[in-house]
Amino acid sequence: MKTFTVNNVLLIFLFFSLLSCNKKNSNIELENQSKNNEISLKKDYKTITVTKDIPYRKGDSDSWKLDLAMPENSGNELRPALVIIHGGGWRFGSKSVDVYQKMMVAYAQKGYVTINVEYRLTGEAEFPACIEDVKCAVRWLRAHAKELNVDPNRIGSYGHSAGAHLSMMLAMTDKSDGLEGDGGWDNYSSEVTVAGAGSPPTELGRDVPMAKKEWWPIGYIAANHPPMFLIQGSEDAVVLPERTRDFVEKMKAAGNTNLKYLEMEGNHGIAYNGQLEITDPALEDFFDKYLMK
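Given below as structure tokens:
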């Protein structure tokens, strides 16, 4: 009876010892798992801040505003920037459209500082006010590059349709072309390092007042422009593919080797709400190649 009691006591003691040990090991595993999860979260999910409706110049127009998204946990290294420009035929559209808001956030999570730009539409101000406005927004960005940790030599732009035209004009024109406007920040350049353009209007007809060559990419054919990526739908009835092809051929004939052209089956919504499974990764690769160093 005595032996049985001692054995029982030993067994009970051993049971609780093992239970305590397993509990400690379990706690250690949970702590390690928690630490690993924290590292994964910091690595895989960028924390960003979004600030809406920042004025990029002085004046009474409600159009002179931009939204800003930027990474918060990327350290102090200089970051690339991306300027996003909405479409809408220069008469309609807004930076608040979901497509552009999502793009602004997505690229900020990748490590870019992104600005999503509003500009004066033709109902408010005639051409070339829209060109002057987006150029002013780029100058604003460079003027604030230090506080935003932006590398002023790594600024790209992207737009669709009317926004594509404006994106290309940022890449193809400089101060000597007389399109800077009076928005200020005059000590800074409005040129971008690379430009992406979906359904890009390279010219506008032949016999309308807005068709002046100095307001359109077709008027700046040259070999020395920064890299550009044009995406065109083969069934686009708004921006005719033959005109985009003509622009591409003229750029090649001028000796430009920095122009990438992708024509796909699709209409005017390509790279906006169509074929995104192809165009989104292609654009990311393009911007990363030139801006993510």
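Position 291, counted from 1, in the sequence shown is what the numbering used here calls 291; the numbers after and before it change by one each time, with no gaps. The beta carbon of each residue, even a glycine, is placed where N, CA and C say it ideally should be. These numbers were taken from a predicted model, which means no experiment stands behind them.
Span separating the alpha-carbon of residue i from that of residue j
{"i": "Lys-293", "j": "Val-150", "result": "13 angstroms"}
{"i": "Leu-204", "j": "Val-50", "result": "35 angstroms"}
{"i": "Lys-102", "j": "Leu-141", "result": "20 angstroms"}
{"i": "Gln-33", "j": "Asn-73", "result": "Low confidence applies to Gln-33: its pLDDT is 46, below 50, so where it sits in the model is not reliable, and the reading given next is rough at best. Gln-33 and Asn-73: Cα-Cα distance of roughly 22 angstroms."}
{"i": "Glu-124", "j": "Lys-95", "result": "16 angstroms"}
{"i": "Asp-285", "j": "Thr-279", "result": "10 angstroms"}
{"i": "Glu-38", "j": "Phe-287", "result": "Here the model assigns Glu-38 a pLDDT of 49, short of 50, so the residue's position is not dependable, and the following value carries that caveat. Approximately 29 angstroms between the Cα atoms of the pair."}
{"i": "Thr-244", "j": "Pro-201", "result": "7 angstroms"}
{"i": "Ala-254", "j": "Phe-127", "result": "27 angstroms"}
{"i": "Gly-59", "j": "Glu-265", "result": "43 angstroms"}
{"i": "Val-194", "j": "Pro-217", "result": "14 angstroms"}
{"i": "Asn-22", "j": "Ile-155", "result": "Low confidence applies here, because Asn-22 scores a pLDDT of 46, under 50, leaving its location unreliable; read the following figure in that light. Cα-Cα distance, rounded: 55 angstroms."}
{"i": "Leu-283", "j": "Ile-231", "result": "9 angstroms"}
{"i": "Gly-93", "j": "Gly-87", "result": "6 angstroms"}
{"i": "Asn-25", "j": "Ala-108", "result": "Annotation note: pLDDT 46 at Asn-25 (below 50); position unreliable, no value reported."}
{"i": "Cys-130", "j": "Gly-75", "result": "35 angstroms"}
{"i": "Ile-270", "j": "Pro-281", "result": "13 angstroms"}
{"i": "Cys-136", "j": "Gly-183", "result": "6 angstroms"}
{"i": "Glu-242", "j": "Tyr-261", "result": "13 angstroms"}
Opening and closing residue of the beta strand (DSSP E) in which residue i lies
{"i": "Asp-151", "result": "150 to 160"}
{"i": "Phe-287", "result": "No beta strand (DSSP E) holds Phe-287; the alpha helix (DSSP H) holding it covers 276 to 291."}
{"i": "Glu-195", "result": "Note that residue 195 is Ala in the sequence shown here, rather than Glu. Ala-195 -> beta strand (DSSP E) spans 194 to 198."}
{"i": "Met-264", "result": "259 to 264"}
{"i": "Leu-230", "result": "228 to 233"}
Reference residue i; option with closest CA among the options
{"i": "Tyr-188", "options": "Tyr-290, Lys-175, Leu-148 and Ile-231", "result": "Lys-175"}
{"i": "Met-251", "options": "Pro-80, Ala-106, Gly-219 and Thr-122", "result": "Gly-219"}
{"i": "Val-138", "options": "Leu-82, Asp-98 and Val-99", "result": "Leu-82"}
{"i": "Asp-67", "options": "His-144, Ile-115, Gly-87 and Lys-58", "result": "Ile-115"}
{"i": "Arg-57", "options": "Asp-177, Ala-223, Trp-185 and Lys-213", "result": "Trp-185"}
{"i": "Asn-258", "options": "Ala-108, Ala-69 and Asn-224", "result": "Asn-224"}
{"i": "Ser-61", "options": "Leu-121, Glu-77 and Val-208", "result": "Leu-121"}
{"i": "Leu-170", "options": "Asp-177, Ser-190 and Asn-153", "result": "Ser-190"}
{"i": "Tyr-119", "options": "Lys-146, Ala-143, Arg-91 and Lys-213", "result": "Arg-91"}
{"i": "Leu-179", "options": "Ser-167, Trp-215 and Val-208", "result": "Trp-215"}
{"i": "Val-248", "options": "Ile-221, Gly-274 and Val-238", "result": "Ile-221"}
{"i": "Ala-69", "options": "Lys-212, Pro-209 and Ile-48", "result": "Ile-48"}
{"i": "Lys-212", "options": "Asp-177, Asp-53, Glu-242 and Gln-275", "result": "Asp-177"}
Beta-bridge partners of residue i, as assigned by DSSP
{"i": "Asp-67", "result": "Asn-116"}
{"i": "Pro-55", "result": "Lys-65"}
{"i": "Arg-79", "result": "Val-150"}
{"i": "Ile-85", "result": "Val-117 and Gly-159"}
{"i": "Thr-49", "result": "Met-70"}
{"i": "Ile-221", "result": "For Ile-221, which the question treats as bridged, DSSP gives no partner whatsoever."}
Cβ-Cβ distance between residue i and residue j below 7 angstroms
{"i": "Tyr-158", "j": "Gly-111", "result": "no"}
{"i": "Met-104", "j": "Ile-85", "result": "no"}
{"i": "Glu-132", "j": "Gly-181", "result": "yes"}
{"i": "His-165", "j": "Gly-198", "result": "no"}
{"i": "Pro-227", "j": "Tyr-290", "result": "yes"}
{"i": "Pro-71", "j": "Trp-64", "result": "no"}
{"i": "Asp-236", "j": "Asn-256", "result": "no"}
{"i": "Glu-277", "j": "Ser-234", "result": "no"}
{"i": "Val-117", "j": "Val-134", "result": "yes"}
{"i": "Val-113", "j": "Leu-78", "result": "no"}
{"i": "Ala-145", "j": "Pro-152", "result": "yes"}
The alpha helix (DSSP H) enclosing residue i, as first and last residue numbers
{"i": "Phe-247", "result": "241 to 253"}
{"i": "Ile-131", "result": "129 to 143"}
{"i": "Met-103", "result": "98 to 109"}
CB contact check: residue i to chain D, cutoff 7 angstroms
{"i": "Glu-147", "result": "Among the chains of the structure shown, chain D does not appear; only one protein chain is present."}
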